[in-house]
Amino acid sequence: MFAIARVQRDLGSDSRIGLLYTGREDGSDYNRVAGADARIVFGGKYTVTAQAAGSETERAGKTFAGPLWNLALDRNGRTFGLNYSIRAIDPQFQTQSGFISRGNIANVNLSHRVSLFGKPGALVENFTGVVGLFGEWQYRRLLGGDDAQNRKLHFDIAATLRGGWQLGAGLYTEVFGYDRALFADYRIVVPGAVGGLDTLQFAGRKRIPNHDYLLSLATPQGAHFSANASFLFGQDENFYEWEQAAIYIFNASVSWRPTTQLRVDGTYALQRYDRRTDGSTVAERQIPYVKVEYQLSRAVFVRLVTEYDAQSQSTLRDDRNGGAPILFYNPADGTYTPAVATDVNRVRLQGLFSYQPMPGTVFFAGYGALLDEPDGLRVGQYNRVNDGFFVKLSWLFRAQ
7 MFAIARVQRD
17 LGSDSRIGLL
27 YTGREDGSDY
37 NRVAGADARI
47 VFGGKYTVTA
57 QAAGSETERA
67 GKTFAGPLWN
77 LALDRNGRTF
87 GLNYSIRAID
97 PQFQTQSGFI
107 SRGNIANVNL
117 SHRVSLFGKP
127 GALVENFTGV
137 VGLFGEWQYR
147 RLLGGDDAQN
157 RKLHFDIAAT
167 LRGGWQLGAG
177 LYTEVFGYDR
187 ALFADYRIVV
197 PGAVGGLDTL
207 QFAGRKRIPN
217 HDYLLSLATP
227 QGAHFSANAS
237 FLFGQDENFY
247 EWEQAAIYIF
257 NASVSWRPTT
267 QLRVDGTYAL
277 QRYDRRTDGS
287 TVAERQIPYV
297 KVEYQLSRAV
307 FVRLVTEYDA
317 QSQSTLRDDR
327 NGGAPILFYN
337 PADGTYTPAV
347 ATDVNRVRLQ
357 GLFSYQPMPG
367 TVFFAGYGAL
377 LDEPDGLRVG
387 QYNRVNDGFF
397 VKLSWLFRAQ
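So for the sequence shown, this note's numbering puts the first residue at 7; every next one is plus one.
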């Protein structure tokens, strides 16, 4: 059984308060969440938002409970703005209603923004600079007054030029702390003290310092064409082996509308991590995506979508211990699995035909397929994983 209820009261001037309850019962197991939130606007520029919630869960005879809370102050002025916020989630807080994506975390954000505006027709129509200081803790460590696990200092600038061109740049200085929970199942194989080999618990360095750079460009939003691209690069953490890495993240998108009937959208995403020790690639992922839509007539519409997801990862090692192989420990049966190289390449194909002669009457026919191939982005021999068809017909009868 599932229940959800929300009560809200408007206070005027875009201010409000609300109460929320969700509950899910499954025999003797249950999950109950109750919370309150508020939004207060004052001074024409300032907004305070707050939320507090608590959960109680019983599963397999065990009961646990915990809170979630956050508080934020925003100033949204024309020239100067700020955001101060704190968000914290207890590790025992749980919900089965899509409330959160990650528990046992607390974030503090202190950001300031300055915006400048040029005269009409100026080369630079507006310019914005943002400085942000971020801290991230495990929940109990924040309450205990411990130092932040992750610290970030970000500088971002963005400018809109005459004609609608947009430029951006960023400088990010960060320090990430070692989280033992993320690597609890990591083991390494090293020479034993009296010969042979020993399997030891993986122990990463305490902190990894990062410095990254961001460049971005966007074209004007034209009637027929628009595009944007961003490139993030620098030194970042290699979470696969908890080491320093050279990181490359590139994203680009293009939208082409040559006629009122045809629209073509394409995106490309790349993520790559290279070891700082010898330049070898730890992991790489590339995702090209193309969507074509064509309106044959007022009633007939066709869509074709293709997405290629190519992922590769090298055999993992611990360079702090002479390149010792990394194993994954399975606590259920006490076995070890070598962290060997993997290569996964998937292609998704989707097609849709739509016929809508009048509002309320529609016919859909669609096809989807998932394929894979052994060599990424080689466009070679594909193996069919699964496919499917669907048909939907809806007919609206009008009473005379």
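Note that beta-carbon positions come from the ideal geometry of N, C-alpha and C, so glycine has one too.
- For the options Glu243, Ala233 and Asp191, the alpha carbon positioned closest to that of Asn336 is the one of Asp191.
- Here Asp280 is near Thr287, since their CB atoms are less than 8 Å apart.
- As computed with DSSP, Phe359 is found in a beta bridge with Val308 and Ala371.
- Under the three-pair Cβ rule at 8 Å, the region 84 to 92 does not count as touching the region 62 to 70.
- Spanning the alpha carbons of Arg22 and Ala347 requires a straight line of approximately 53 Å.
- When rounded, the separation of the alpha-carbon atoms in Ile214 and Phe161 is 20 Å.
- One Cα belongs to Ser320, the other to Phe140, and the distance between them is close to 32 Å.
- Nearest to Val397 by C-alpha distance, out of Tyr388, Tyr373, Asp349 and Asn389, is Tyr373.
- Beta bridge pairing from DSSP links Asp324 with Ala330.
- A contact is defined here as three or more CB-CB pairs under 8 Å, and the region 305 to 315 meets this definition with respect to the region 287 to 296.
- At a cut-off of 3 residues, the continuous stretches assigned as beta strand (DSSP E) that sit fully inside the region 218 to 295 are 231 to 244, 249 to 262 and 268 to 281.
- In this structure Thr53 is in contact with Asp80, their Cβ atoms being roughly 5 Å apart against a cut-off of 8 Å.
- Separation of the CB atoms of Leu173 and Leu167 is rounded to 7 Å, and the pair is thereby assigned contact status at 8 Å.
- For Leu402, the CB contacts under 6 Å within the same chain, skipping 5 residues up- and downstream, are Gly366 and Thr367 in chain order.
- Arg354 sits away from Asp378, with the two beta carbons spaced by 8 Å or more.
- Comparing alpha carbon positions, the residue from Asn392, Gly24, Gly72 and Gln14 closest to Asn37 is Gly72.
- In this structure, the alpha-carbon of Thr265 lies about 8 Å from that of His230.
- A Cβ-Cβ contact shorter than 8 Å links Gly170 with Pro226.
- Between Val39 and Gly24, the C-beta spacing is not below 8 Å.
- Under the three-pair Cβ rule at 8 Å, the region 40 to 59 does not count as touching the region 116 to 124.
- For a cut-off of 8 Å, the C-beta gap from Phe239 to Val308 is around 39 Å, too long to register as a contact.
- For Leu268, the CB contacts under 7 Å within the same chain, skipping 5 residues up- and downstream, are Tyr300 in chain order.
- Its Cα nearest to that of Asn115, the residue Leu77 stands out among Leu77, Val350, Ser232 and Gly49.
- Sequence-distant partners of Pro363 (beyond 5 residues in either direction) whose C-beta falls short of 7 Å from its own C-beta, in its chain, are Ala305.
- Between Arg282 and Gln250, the C-beta gap is smaller than 8 Å, which places the two residues in contact.
- In this model, Glu243 and Val196 are separated by some 24 Å (Cα to Cα).
- Bounds of the beta strand (DSSP E) holding Tyr178 are Gln172 to Gly183.
- Secondary structure note for Arg211: it is in no alpha helix (DSSP H), with a DSSP letter that is neither H nor E.
- Excluding five sequence positions before and after Thr134, the CB atoms of its chain that fall closer than 6 Å to its own CB belong to Ser121 and Ala164, given in chain order.
- Judged by their CB atoms, Pro344 and Ile194 are not nearer to each other than the 8 Å cut-off.
- The continuous beta strand (DSSP E) containing Tyr192 extends over residues Tyr192 to Pro197.
- Taking the C-beta atoms as reference points, Arg211 is found no nearer than 8 Å to Glu180.
- Counting C-beta atoms within 10 angstroms of its own C-beta, Glu31 has fewer than 16 neighbours from the protein chains shown and is therefore classed as exposed.
- When the alpha-carbon of Arg186 is set against those of Ala209, Asp20 and Gly150, the nearest one is in Ala209.
- One alpha carbon belongs to Ala258, the other to Leu221, and they sit about 12 Å apart.
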